[in-house]
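Participant: Dumping the structure here so I can ask a few things about it.
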Amino acid sequence: MNLSDEIFIPLPRDQVYAALNDADILRDCIPGCEELIKHSDTELETKLVLKIGPVKAKFSFDILLSPDAPPERFTLSGEGNGGTAGFAKGSATVELKEVDGGTNLVYEASADIGGKLAQLGGRLIQGTAKLLSGKFFKAFAARVVPENVD
Amino acid sequence: MNEKAPLDRDERISNLKGMGCSRKRVEDVRFTQGRGNYVDDVKLPGMLFGDFVRSPYAHARIKSIDTEAAKAIPGVIAVLTAADLAPLNLHWMPTLAGDKQMVLADGKVLFQGQEVAFVVAEDRYAAADGIEAVVVDYEELPVITDPFKALADDAVVLREDLEAGADGAHGPRRHHNHIFLWEAGDKTTTEQAIDSADVVAEEMVYYHRTHPCPLETCGSVASMDKITGKLTLWGTFQAPHVVRTVASLLSGIEEHNIRVISPDIGGGFGNKVGVYPGYVCSIVASIVTGKPVKWVEDRMENLMATAFARDYWMKGRISATKEGKITGLECHVTADHGAFDACADPTKFPAGFFHICTGSYDIPTAYVGVDGVYTNKAPGGVAYRCSFRVTEAAYFIERMIEVLAIELDMDAAELRRINFIRQDQFPYQSALGWEYDSGDYHTAWDKAMAAVGYDDLRKEQAEMVEAFKRGESRKLLGIGLTHFTEIVGAGPVKNCDILGMGMFDSCEIRIHPTGSAIARLGTISQGQGHATTFAQILATEIGIQADSITVEEGDTDTAPYGLGTYGSRSTPVAGAATAMAGRKIRAKAQMIAAYLLEVHDDDVEFDVDRFVVKGAPERFKTMKEIAYAAYNQAIPGVEPGLEAVSYYDPPNMTYPFGAYICVMEIDVDTGTHHVRQMYALDDCGTRINPMVIDGQVHGGLTEAYAIAMGQEIAYDEIGNCKTGTLMDFFIPTSFETPHYTTDHTVTPSPHHPIGAKGVGESPNVGGVPAFSNAVHDAFRAFGLRQSHMPHDQWRIWETANKLGMHA
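These protein sequence lines map, in sequence, to chains B and Z. Just so you know, we're using numbering that gives the first Met the number 0 here: the first sequence kicks off at 0 and counts up by one. Just so you know, we're using numbering that gives the first Met the number 0 here: the second sequence kicks off at 0 and counts up by one.
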């Protein structure tokens with residue numbers, strides 16, 4: 000599965016970058032996130048509840064951040080396990096571009112999904128992933144740009 | 000009291016409801032009222048429930064399994080892993096194909112959905128909670144879902160348990176992911192014939208992986224009585240006696256202490272022939288806990304983990320003279336058997352009866368080579384409503400004929416006609432070693448051609464092509480031709496066995512003193528209507544009304560030993576045993592009748608429902624009278640009672656055949672299709688119950704339609720089974736199912752006691768090529784030679800698109 004999008008955030012790039020590395024902000028904004036532990040600047044562990052179609056399961060993800068060129072670009076890769084529901088692993092490249100009045104966040108992600116999740120939710124995964132990322136960035140924008148709340 | 004007028008002979012015949020009568024199915028009274036008794040209906044006091052932890056990965060090493068959290072869940076009684084089964088030597092089990100299979104994952108998993116741990120709990124809900132709590136640490140390994148990639152030099156080793164370079168159950172293995180090479184025919188002569196021929200057609204024909212998907216999934220209930228030492232096992236078994244023997248050999252429990260019961264079965268279609276880990280685990284769990292343990296899989300488990308069917312890549316060459324007379328046929332198959340070789344085939348035939356692939360044609364020389372290959376897919380390879388690999392063979396030859404017709408620029412019906420084995424050639428010795436018992440292909444073919452109005456259809460098709468080319472229409476017409484020859488009724492014990500058990504079958508009859516009867520058979524109905532049709536065979540053979548005969552199967556404590564029901568073998572083998580046992584009854588009845596009538600044995604003859612004195616039909620004894628006398632009258636030299644048993648080892652297979660024609664309209668722009676006509680002529684020899692035959696043909700055609708037009712088990716590159724639910728796995732409903740026209744000719748089998756050949760699987764064997772050929776034929780005028788099944792809407796659209804028809 001491949002996913003890409005471009006989101007405008009009305010904040011300077013440095014602030015966006017810092018917010019994306021803030022465990023508290025991430026915990027509040029990731030849909031279904033129950034726990035997020037930052038083991039180091041590059042290692043995160045998170046537990047989240049995902050629902051795709053008829054499958055609902057708690058996943059634990061280990062995420063590795065690689066800040067190639069902060070604050071312009073970073074990559075992350077992760078592996079998650081949802082027990083009987085299946086597994087997911089993938090990577091994403093995130094670029095932060097300075098534009099008028101804020102920052103354009105561009106990401107490209109790819110993921111492999113297996114188990115019941117892929118079987119039952121297969122046809123829904125792309126749509127669900129888009130929905131979840133949309134929710135995340137909406138919540139993210141609301142959180143880091145308080146006056147942006149609609 | 001008025002005495003009723005005696006019945007005339009025709010009335011007596013019709014009262015019997017014997018062979019040839021469309022007797023209503025006696026089973027349906029309970030089935031249509033929801034009173035069937037299936038495995039899941041078995042409820043025993045204190046019964047526990049088992050459920051599997053299954054692998055989400057297609058290929059992974061298991062680093063650890065932590066069952067502690069699961070065991071702590073209220074209601075969970077035990078969690079079994081390979082480590083628990085190893086001391087009993089039950090962590091692996093033999094497959095029907097001479098390979099072995101993990102019961103529970105031993106160190107690694109080899110396909111998605113593989114059984115990893117078995118949670119036993121007080122109810123299904125606790126079991127489901129339990130499997131969620133088992134923590135398995137996997138290390139992913141590279142996945143192979145393509146049999147050709149599996150044979151690459153650098154392909155990852157799938158079966159680390161097999162010794163490198165050692166022979167397999169069917170001879171040398173030339174690669175670590177190779178299972179066997181099986182060959183038939185004369186390779187050199189065939190290559191010479193093809194290489195020197197006027198015309199050669201070459202094609203790769205793929206018969207995709209699919210699944211029998213019976214309405215009732217697989218399941219079992221094991222109950223070990225520790226006081227009596229007796230194990231009772233209810234299960235969805237197409238071969239209960241084989242299961243008992245295998246269970247005895249595996250567990251060490253003596254065979255008389257195992258009772259296997261196949262209750263009502265909601266469809267089998269080959270899916271319930273094999274032995275599954277669930278059966279083994281329910282037995283072990285019952286022994287461990289001392290309580291009955293039920294395991295019933297859900298639909299996803301059934302589709303992704305129990306036996307699949309087909310998955311044959313068939314590379315063929317067929318040659319002919321300029322006039323179209325076939326001179327040779329060659330086929331090399333790459334057979335994807337999945338992670339373990341669990342094909343259900345007779346031992347000596349690892350590719351089943353695939354070498355029936357010369358079909359209905361007189362082909363002077365042929366060669367077949369089949370390579371079995373391991374991949375990270377579910378094990379299986381069962382005969383999904385067909386005799387062993389016969390569907391693949393029929394599809395292959397019927398596609399090759401079509402491709403040859405294109406190469407020869409010839410009408411495919413005519414090409415078939417000039418190559419059919421002639422009636423005077425039977426018994427016919429095929430180039431690949433079979434002796435066809437009987438057939439009259441030309442008569443069947445001509446009848447089919449006339450019934451559909453073949454010549455007019457071709458004219459209409461040509462007009463539609465012209466209209467399309469002129470831009471006036473976007474619809475095409477396909478005429479899908481098939482003339483198939485099945486090989487069923489396995490089989491002669493001299494060359495057919497499963498795990499060493501000869502493939503005979505049996506029938507035991509007891510006539511009760513009042514003239515009714517019970518017959519028990521070694522087979523087991525899964526919906527075929529045995530209780531109806533076997534009683535009809537007996538009615539005709541022994542002159543007792545079918546309505547007065549109980550037919551019972553499936554309980555190994557009461558039924559005689561038999562190899563079960565699959566591969567259309569019930570009528571050819573157990574049906575023959577039934578007739579032969581009936582004739583033993585009749586022979587004794589003749590002696591009794593002669594004594595009662597005070598004449599010599601030779602002076603009485605059987606007449607419908609009685610023995611009459613020759614030349615004096617007014618002097619007779621009915622079978623009812625004879626039965627009563629058999630028990631209650633002292634007859635010198637004749638022991639009391641009227642019982643018989645027959646174990647029948649058939650001298651040959653039977654060879655049913657048929658001519659199927661599908662007329663299909665295709666919309667080039669949407670890829671949708673409409674089956675305008677599906678004509679199916681079957682010749683299954685003597686017809687026992689025409690209504691039941693019609694029902695069998697309708698069901699088989701519907702499965703064939705599903706397979707050809709949409710049904711498949713598909714995997715993605717990382718080994719996810721993408722068709723694990725009925726949302727993705729196509730089962731036609733009344734909405735999609737086409738209308739069928741059935742027809743028949745009758746060419747009895749010369750070696751079968753009643754001349755019957757078996758029909759249950761013919762419509763699947765013949766239906767698939769008929770539907771597929773219709774799709775191909777629609778596009779023939781636009782250059783299509785071969786496109787792979789299933790022909791769903793997307794693939795048909797894609798075919799049209801690749802042919803440039805959307806430009």
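We treat Cβ as the ideally placed atom computed from N, Cα and C, and that holds for glycine.
#1: If I'm right that Phe277 (chain Z) touches Trp294 (chain Z) with Cβ under 8 Å, what's the distance once you round it to whole angstroms?
#2: Does any residue of chain Z bring its CB to less than 8 Å from the CB of Ala117 (chain B)?
#3: Quick one, which of Z:Glu413, Z:Glu406, Z:Arg582, Z:Leu230 has its alpha-carbon nearest Tyr360 (chain Z)'s?
#4: Which residues does DSSP pair with Glu42 (chain B) in a beta bridge?
#5: Cutting at 6 Å between CB atoms, please list the residues of its own chain near Gly813 (chain Z), excluding the five before and the five after it.
#6: Does Gly154 (chain B) get closer than 8 Å to chain Z when you measure Cβ to Cβ?
#7: How long is the line joining the alpha carbons of His787 (chain Z) and Thr484 (chain Z), rounded to whole angstroms?
#8: Across the stretch 451–471 of chain Z and the stretch 200–209 of chain Z, are there enough close Cβ pairs to call them in contact, namely three or more that are closer than 8 Å?
#9: Just grab the DSSP bridge partners of Met92 (chain Z) for me.
#10: If I follow the unbroken alpha helix (DSSP H) through Arg582 (chain Z), where does it start and stop?
#11: Fully enclosed by the stretch 323–407 of chain Z, which alpha helix (DSSP H) runs are 4 residues long or longer?
#12: Give the interface partners of Asn719 (chain Z) over in chain B, defined as CB-CB distance under 8 Å, in chain order.
#13: Quick one, are the C-beta atoms of Gly553 (chain Z) and Ser261 (chain Z) less than 8 Å apart?
#14: Just to make sure I have the definition right: I need the residues of chain B whose C-beta is within less than 7 Å of the C-beta of Met299 (chain Z). Which are they?
#15: Out of Z:His177, Z:Asp160, Z:Glu329, point me to the one whose CA is closest to Glu190 (chain Z)'s CA.
#16: Check the C-beta distance from Cys720 (chain Z) over to Ile712 (chain Z) and give it rounded, since I have them as a contact under 8 Å.
#17: Near Gly718 (chain Z), what residues of its chain come up, given a Cβ to Cβ distance below 6 Å and the 5 sequence neighbours on each side ignored?
#18: Is the Cβ of Ser21 (chain Z) closer than 8 Å to any Cβ of chain B?
#19: Per the contact definition of three or more C-beta pairs closer than 8 Å, is the stretch 166–186 of chain Z in contact with the stretch 282–290 of chain Z?
#20: Closest to Ala125 (chain Z) by CA distance: which of Z:Glu296, Z:Phe48, Z:Ala615 is it?
#21: Using the beta-carbon of each residue, which ones in chain C are nearer than 7 Å to Phe86 (chain B)?
#22: Measure how close the beta-carbons of Glu642 (chain Z) and Ile510 (chain Z) come, nearest whole angstrom, since I'm counting them as under 8 Å.
#23: Which one of Z:Thr564, Z:Ser219, Z:Val272, Z:Ala306 has the shortest CA to CA distance from Gly528 (chain Z)?
#24: Just the C-alpha distance for His240 (chain Z) and Ala4 (chain Z), rounded to the nearest angstrom, thanks.
#25: Might you give, ordered along the chain, the residues of its own chain that have their beta carbon closer than 7 Å to the beta carbon of Thr746 (chain Z), omitting 5 neighbours on each side?
#26: Report the CB separation of Ser515 (chain Z) from Val644 (chain Z) in whole angstroms; it is logged as a contact under 8 Å.
#27: Which whole-angstrom value describes the C-beta separation of His775 (chain Z) and Glu465 (chain Z), a residue pair presumed to lie in contact below a C-beta threshold of 8 Å?
#28: Where Ala334 (chain Z) and Asp408 (chain Z) are concerned, what is the direct C-alpha to C-alpha distance, given to the nearest angstrom?
#29: Within this structure, are the beta carbons of Ala138 (chain B) and Ile112 (chain B) separated by less than 8 Å?
#30: Hey, does Thr41 (chain B) have any beta-carbon neighbour from chain Z nearer than 8 Å?
#31: Using a Cβ distance threshold of 8 Å, determine whether the stretch 697–706 of chain Z contacts the stretch 92–102 of chain Z, with at least three qualifying pairs required.
#32: Out of Z:Val242, Z:Glu702, Z:Leu15, point me to the one whose CA is closest to Cys212 (chain Z)'s CA.
#33: Alpha carbons only, please: which of B:Ser90, B:Glu71, B:Ala68 is nearest the one belonging to Gly77 (chain B)?
#34: What residues of chain B sit near Thr724 (chain Z), judged by a beta carbon separation below 8 Å?
#35: Quick check: the Cα distance between His750 (chain Z) and Lys229 (chain Z), rounded to an integer number of angstroms?
#36: Reducing DSSP to helix, strand and coil, say where Asp149 (chain B) ends up.
Facilitator: On the basis of the coordinates in this document:
#1: On the second sequence, position 278 is the one that residue 277 (chain Z) refers to. On the second sequence, position 295 is the one that residue 294 (chain Z) refers to. The sequence given here places Gly at residue 277 (chain Z); Phe does not occur at that position. With a Cβ gap of about 4 Å, Gly277 (chain Z) and Trp294 (chain Z) count as contacting.
#2: Residue 117 (chain B) sits at position 118 when you count from the first residue of the first sequence. Yes, contact with chain Z.
#3: As a first step, residue 360 (chain Z) is located in the second sequence; it is residue number 361 there, counting from the start. Closest option to Tyr360 (chain Z), judged by alpha-carbon separation, among Z:Glu413, Z:Glu406, Z:Arg582, Z:Leu230: Z:Glu413.
#4: To locate residue 42 (chain B), count along the first sequence from 1; it is residue 43. DSSP lists B:Leu63 as the beta-bridge partner residues of Glu42 (chain B).
#5: The question about residue 813 (chain Z) has no answer here: the residues shown for chain Z are numbered 0 through 806.
#6: No statement about residue 154 (chain B) is possible, as the shown extent of chain B runs from 0 to 149 and does not include it.
#7: Indexing the second sequence from 1 puts residue 787 (chain Z) at position 788. Indexing the second sequence from 1 puts residue 484 (chain Z) at position 485. Their Cα atoms are separated by approximately 22 Å.
#8: When C-beta atoms of the stretch 451–471 of chain Z are compared with those of the stretch 200–209 of chain Z, fewer than three pairs fall below 8 Å, so the two segments do not count as touching.
#9: Position 93 of the second sequence, counting from 1, holds the residue named residue 92 (chain Z). DSSP output for Met92 (chain Z) lists Z:Gln100 as bridge partner(s).
#10: For the purposes of this step, residue 582 (chain Z) is taken as residue 583 along the second sequence, with counting starting at 1. Segment 575–596, the alpha helix (DSSP H) holding Arg582 (chain Z).
#11: List check, alpha helix (DSSP H) in window: 389–407.
#12: Residue 719 (chain Z) sits at position 720 when you count from the first residue of the second sequence. The answer, in chain order, is Ile112, Gly113, Gly114, Ala117, Gln118, Gly121.
#13: As a first step, residue 553 (chain Z) must be located in the second sequence, where it is residue number 554. As a first step, residue 261 (chain Z) must be located in the second sequence, where it is residue number 262. Yes.
#14: As a first step, residue 299 (chain Z) must be located in the second sequence, where it is residue number 300. Chain B residues near Met299 (chain Z): Gln118.
#15: Here residue 190 (chain Z) is taken as the residue at index 191 of the second sequence, counted from 1. Nearest C-alpha to Glu190 (chain Z): Z:Glu329.
#16: Counted from its first residue, the second sequence places residue 720 (chain Z) at position 721. Counted from its first residue, the second sequence places residue 712 (chain Z) at position 713. Indeed, because the Cβ distance is near 7 Å, the residues count as touching under 8 Å.
#17: By one-based count along the second sequence, residue 718 (chain Z) stands at place 719. So the list reads Ala57, Gln111, Val142, Thr144, Asn375, once near-sequence residues are dropped.
#18: Here the question's residue 21 (chain Z) lines up with position 22 in the second sequence. Answer no: the Cβ-Cβ gap between Ser21 (chain Z) and chain B never drops below 8 Å.
#19: The stretch 282–290 of chain Z vs the stretch 166–186 of chain Z: no contact.
#20: By 1-based counting over the second sequence, the position of residue 125 (chain Z) is 126. Nearest option by C-alpha distance: Z:Phe48.
#21: Absent from the structure: chain C. Protein chains present are B and Z.
#22: Start at 1 with the first residue of the second sequence, and residue 642 (chain Z) comes out as number 643. Start at 1 with the first residue of the second sequence, and residue 510 (chain Z) comes out as number 511. A Cβ-Cβ separation of about 7 Å places Glu642 (chain Z) in contact with Ile510 (chain Z) under the 8 Å criterion.
#23: As a working mapping, residue 528 (chain Z) is identified with position 529 in the second sequence. Closest option to Gly528 (chain Z), Cα to Cα, is Z:Thr564.
#24: Along the second sequence, one-based indexing puts residue 240 (chain Z) at 241. Along the second sequence, one-based indexing puts residue 4 (chain Z) at 5. The straight-line gap from Cα to Cα measures roughly 48 Å.
#25: Within the second sequence, the letter at position 747 stands for residue 746 (chain Z). Cβ neighbours of Thr746 (chain Z) within its own chain (closer than 7 Å, five residues either side excluded): Ser437, Gly438, Asp439, Asp682, Gly684.
#26: The sequence position of residue 515 (chain Z) within the second sequence is 516, counting from 1. The sequence position of residue 644 (chain Z) within the second sequence is 645, counting from 1. Actually they are not in contact, since the Cβ atoms of Ser515 (chain Z) and Val644 (chain Z) sit about 18 Å apart, beyond 8 Å.
#27: On the second sequence, residue 775 (chain Z) is found 776 positions in, with the first residue counted as 1. On the second sequence, residue 465 (chain Z) is found 466 positions in, with the first residue counted as 1. Distance from His775 (chain Z) to Glu465 (chain Z) at the Cβ level is roughly 20 Å; contact not present, criterion being Cβ atoms closer than 8 Å.
#28: Here residue 334 (chain Z) refers to the residue found at position 335 of the second sequence. Here residue 408 (chain Z) refers to the residue found at position 409 of the second sequence. Taking the CA atoms as reference points, Ala334 (chain Z) sits about 31 Å from Asp408 (chain Z).
#29: By one-based count along the first sequence, residue 138 (chain B) stands at place 139. By one-based count along the first sequence, residue 112 (chain B) stands at place 113. Contact annotation: Ala138 (chain B) and Ile112 (chain B) have beta-carbon atoms that are not nearer than 8 Å.
#30: Taking the first residue of the first sequence as position 1, residue 41 (chain B) is located at position 42. Output row for Thr41 (chain B): interface = no.
#31: They do not touch, by the three-pair rule.
#32: Along the second sequence, read from residue 1 onward, the residue named residue 212 (chain Z) stands at position 213. Of Z:Val242, Z:Glu702, Z:Leu15, the residue nearest in Cα terms is Z:Glu702.
#33: The sequence position of residue 77 (chain B) within the first sequence is 78, counting from 1. Cα-wise, what sits closest to Gly77 (chain B) is B:Ser90.
#34: By 1-based counting over the second sequence, the position of residue 724 (chain Z) is 725. What Thr724 (chain Z) touches in chain B: Gln118, Leu119.
#35: Within the second sequence, numbered from 1, the residue matching residue 750 (chain Z) stands at position 751. Within the second sequence, numbered from 1, the residue matching residue 229 (chain Z) stands at position 230. About 41 Å.
#36: Counting from 1 along the first sequence, the entry for residue 149 (chain B) is found at position 150. Bear in mind that the predicted position of Asp149 (chain B) carries a pLDDT of just 46, short of 50, making it unreliable; the figure below should be weighed with that in mind. The answer is coil: DSSP assigns Asp149 (chain B) none of H, G, I, E or B.
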